[in-house]
Amino acid sequence: MIQFEKFQLDNGLKVLVHQDTSTPMAVVNVLYNVGAKDEDPNKTGFAHLFEHLMFGGSVHIPVYDEPLQRAGGENNAYTTNDLTNYYCQIPAENIETAFWLESDRMLSLAFSKKSLEVQRKVVCEEFKEHYINKPYGDTWHKMRSLAYTQHPYRWMTIGASLAHVEDATMEDVKDFFFKFYRPNNAILVVTGNVQTEQVKQLAQKWFGPIPAGTPYERNLPKEPVQEKSRSMDVRADVPLDMLMMTWHMGGRFDEGYHATDLITEVLGGGASARLYEQLIKVKQIFSSIDCYHFGTVDPGLLVIEGKLVKGISMTVAEKAVLDEVEKIKNNILDAKEVQKVINKTESVICFEDMSIMNRAHSLAYYELLGDADLMNKELSLYQQVTPEMIQATAQKIFQDSNRNTLYYYSKS
Amino acid sequence: MALDRIVAPLIKDAIDFDIQLKPYQKFALDNGVEVYAYEGGAQEVLSVDMVFDAGNTYEQKNWVAAATNFLLKNGTSTKSSFEITDAFEFYGAHLNRTCTNETATVTLHSLSKHFHEVIPIMGEIISEASFPEK
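If you read the sequences in order, they're chains C and S. Take 1 as the starting number for the first sequence in this note's numbering and just add one per residue. Take 1 as the starting number for the second sequence in this note's numbering and just add one per residue.
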């Protein structure tokens, strides 16, 4: 049970405080309610480009990292299709440094030409390194555009095209910042050795004067129900054939969400999971295989992907995967297997919540979903999943008309 | 007075911190094994490390130390490799092995409430390892 207190500033900034006096440290986490899904389809990659620009100096502070490190702090950030999250960990006694730094870059970036040019190059190189030059690097680019026709999950956080980042102008950058990086579109979470009163006072002092922006109304196109299975052949200079299948699943608030999560555990979670045991160890069709899902706010994808053992045909591999999928649809799981995946999930949740850093991330994320206390209800939702719910969810998701398949062949 | 955003807030220098580790307990089992115990935080989880003087420097042939450490998990007198993996995974526990120059370590991570179920399997791996050929 993670205790927390919550208040809101007049400019709309939500603030959550979780006290843990067993550590001398504190974490200051700022989540902005903007992800790659909020981008203009003709200007993708901006949410992630921003993550870089946020370290390029703010209106009063030319360098972010140096004063933070001087105070004993460290920081990082990440961008997903749903959100952008910035965090720093710092000795609790120096926490005001983090408030000073974070509030200044929320007030305004420096918008220096040089910073934009530097970060544009960094992000373009990141794009080339991971998504163009790397073997199998274009897999998700292709799969997303195959599986989604309308919803903005059809592009990756790095962007749909290198040109979008290359062509970003300072005007675009400023517009994006003042649209999304406003206090009323953010959640501040402070965890660790802090007092709520002290956080209230610091939040008011540093974030209070930042003007609110126009509220952002999210209005994203819905992905229509897929009616026919889709597939794509790829031939590339990669060492092994790869097979990737995805099926549309429910979003974070779908009643089948927790059952879906457990399905991926049954199939793909660890060395005692079904796909590993059957297709790698027993039948020796795949050299690696994985099953997971997006875990996104809006409806995501359930994924099975694996690399084929050399000499095994794509047809054989595909049939072997679909046989396992049929098993989970046609046969109800025994209670012990369900208990195992629930136990594993409980363990993951408990170990994840050990650090004040992860607690800060989770509180911010669940507050974004609507209520930070959902964090404390998550485990009971898993415990309520029955073998019948797993079977019904599997039957709903694993339909051929709902499937997208990427046949990724090695040229050699 | 307007807020000064140019000048950084005062900081406490790293060398001025007085950070103390929490005290630990120490006791010995009947067979002489020394146990160090430390209560960490609020989460209901625990980690157990068994540290042996069995690293690379103790081996007569290359790789024996690492192989021994790594293969501990692959079978005991009563359980196959799969049964061991499944037994730990059923409780959401993890057993890891590491081998360094000096030491070979077996680490268990588990929810506290399943401690009594998983610790015997850890014990069995140490005392009954069968090192199967396959």
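For each residue, glycine too, the CB sits at the ideal point set by N, CA and C.
Contact belief for G159(C) with F127(C) at Cβ below 8 Å, rounded distance in angstroms
Taking C-beta atoms under 8 Å as the contact rule, G159(C) and F127(C) qualify, at a distance of about 7 Å.
Tell me whether the segment 17 to 28 of chain S and the segment 366 to 384 of chain C touch, counting them as touching only if at least three CB pairs, one residue from each stretch, are closer than 8 Å.
Inter-segment contact for the segment 17 to 28 of chain S and the segment 366 to 384 of chain C is absent: fewer than three beta-carbon pairs are separated by less than 8 Å.
What's the call for G56(C), buried or exposed, on a 16-neighbour Cβ count within 10 Å?
The residue in question, G56(C), is buried, as its Cβ has 16 or more Cβ neighbours within 10 Å.
Going by beta-carbon coordinates alone, are A37(S) and Q25(S) separated by less than 7 Å?
With respect to Q25(S), A37(S) sits close: the two C-beta atoms are nearer than 7 Å.
Which whole-angstrom value is the C-beta distance of I263(C) and I328(C), which I expect to be below 8 Å?
For I263(C) against I328(C), the beta-carbon gap comes to about 7 Å, under 8 Å, which counts as contact.
Mark Q8(C) as exposed unless 16 or more other C-beta atoms lie within 10 angstroms of its C-beta, in which case mark it buried.
With fewer than 16 other CB atoms across the displayed protein chains lying within 10 angstroms of its CB, Q8(C) is exposed.
Output the distance between the C-alpha atoms of D290(C) and Y276(C), rounded to the nearest integer angstrom.
Computed Cα separation, rounded: 8 Å.
At a CB-CB cut-off below 9 Å, which residues of chain S make contact with G419(C)?
Residue 419(C) lies beyond the range of chain C shown here (1 to 412); nothing can be said about it.
Of the listed residues Q195(C), G256(C) and K344(C), nearest to V385(C) (C-alpha basis)
Distance check between V385(C) and each of Q195(C), G256(C) and K344(C) places G256(C) closest, using alpha-carbon atoms only.
First through last residue of the beta strand (DSSP E) which encompasses F351(C)
Element bounds for F351(C): not the beta strand (DSSP E) but the alpha helix (DSSP H), A335 to E352.
Quick one: Cα of L333(C) to Cα of Q391(C), how far?
Between L333(C) and Q391(C), the C-alpha separation is close to 8 Å.
Do the segment 389 to 409 of chain C and the segment 117 to 135 of chain C touch if we need at least three Cβ pairs shorter than 8 Å?
Contact between the segment 389 to 409 of chain C and the segment 117 to 135 of chain C is absent: fewer than 3 CB-CB pairs across the two stretches fall below 8 Å.
Quick test of the definition: if touching needs 3 or more C-beta pairs under 8 Å, does the segment 104 to 115 of chain S touch the segment 45 to 52 of chain S?
Counting C-beta pairs with one atom in each stretch, the segment 104 to 115 of chain S and the segment 45 to 52 of chain S have three or more that are closer than 8 Å, which means they touch.
Is L107(C) closer than 7 Å to V59(C) when the C-beta atoms are compared?
Result yes, Cβ atoms of V59(C) and L107(C) sit closer than 7 Å.
Please state if the CB of F46(C) and the CB of T176(C) are separated by a distance shorter than 7 Å.
Strictly speaking, residue 176(C) in this sequence is Phe, with Thr absent from that position. F46(C) sits close to F176(C), with the two beta carbons spaced by under 7 Å.
At what residues does the alpha helix (DSSP H) containing K73(S) begin and finish?
It is not in any alpha helix (DSSP H) - K73(S) carries neither H nor E in the DSSP assignment.
Endpoints, beta strand (DSSP E) assigned at Y216(C)
Membership of Y216(C) in any beta strand (DSSP E) is not indicated, and neither H nor E is assigned to it by DSSP.
Taking L202(C) as the reference, which of E318(C), N94(C) and Q395(C) has the closest Cα?
Scanning E318(C), N94(C) and Q395(C) for the CA closest to the CA of L202(C) turns up N94(C).
The segment 305 to 322 of chain C contacting the segment 228 to 243 of chain C, beta-carbon criterion three pairs below 8 Å
Yes, they touch.
Could you pull out every residue in the same chain whose Cβ sits closer than 7 Å to the Cβ of E96(C), ignoring the five residues on either side in sequence?
Here E96(C) has L202 as same chain residues with Cβ atoms under 7 Å from its own Cβ, once five neighbours each way along the sequence are excluded.
What does the alpha-carbon distance come out to for the pair E74(C) and E197(C)?
Spanning the two alpha carbons is a distance of roughly 24 Å.
Buried or exposed, going by whether 16 or more other CB atoms sit within 10 Å of the CB of R450(C)?
Past the edges of chain C, shown from 1 to 412, lies residue 450(C), and the structure says nothing about it.
Listed in chain order, which residues of the segment 336 to 349 of chain C have Cβ atoms closer than 8 Å to some Cβ of chain S?
Those would be K336, Q339, K340, N343, K344, T345, E346, S347 and V348, in chain order.
Spatial neighbours of M54(C) in its chain, beta-carbon cut-off 6 Å, leaving aside the 5 residues before and after
Around M54(C): R105.
Going by DSSP, what residue range makes up the alpha helix (DSSP H) through A110(C)?
Careful: A110(C) lies outside any alpha helix (DSSP H) and carries neither H nor E.
What does D86(S) reach in chain C if we use C-beta pairs closer than 7 Å?
D86(S) reaches chain C at S272, counting residues in chain order whose Cβ is nearer than 7 Å.
Roughly how many angstroms lie between the CA atoms of M1(C) and E352(C), to the nearest whole one?
About 13 Å.
Which term fits V33(S), buried or exposed, when burial requires 16 or more other beta carbons within 10 angstroms of its beta carbon?
Label assigned to V33(S): exposed.
Can you confirm whether E378(C), when its beta carbon is compared against all beta carbons of chain S, has any partner nearer than 7 Å?
Nearest CB-CB separation between E378(C) and chain S: not below the 7 Å threshold.
For the segment 91 to 104 of chain C, which residues have a CB atom closer than 7 Å to at least one CB atom of chain S, in sequence order?
Residues passing the 7 Å Cβ filter: P91, E93, N94, E96, T97, W100 and D104.
Minimum C-alpha distance to L188(C) - residue among M389(C), C350(C) and N29(C)
The candidate whose alpha carbon is nearest that of L188(C) is N29(C).
State whether the segment 306 to 315 of chain C contacts the segment 247 to 255 of chain C, with contact taken as three or more CB pairs (one from each stretch) at a distance under 8 Å.
With the cut-off at 8 Å, the segment 306 to 315 of chain C and the segment 247 to 255 of chain C do not touch.
With distances taken Cα to Cα, identify the nearest neighbour of I15(S) among H48(C), K6(C), R70(C) and S347(C).
Ranking the options by Cα distance to I15(S), first place goes to R70(C).
Can you name the residues of chain C whose CB is closer than 7 Å to the CB of G41(S)?
Under the 7 Å cutoff, chain C gives S22 and M354.
Helix, strand or coil: how does DSSP classify E197(S) here?
Coverage of chain S is limited to positions 1 through 134, which leaves residue 197(S) absent and any answer about it impossible.
Other residues of its chain near A273(C): CB distance less than 8 Å, five sequence neighbours each side excluded:
Closer than 8 Å at the Cβ level, and outside the excluded window around A273(C), lie E265, V266, L267 and C291.
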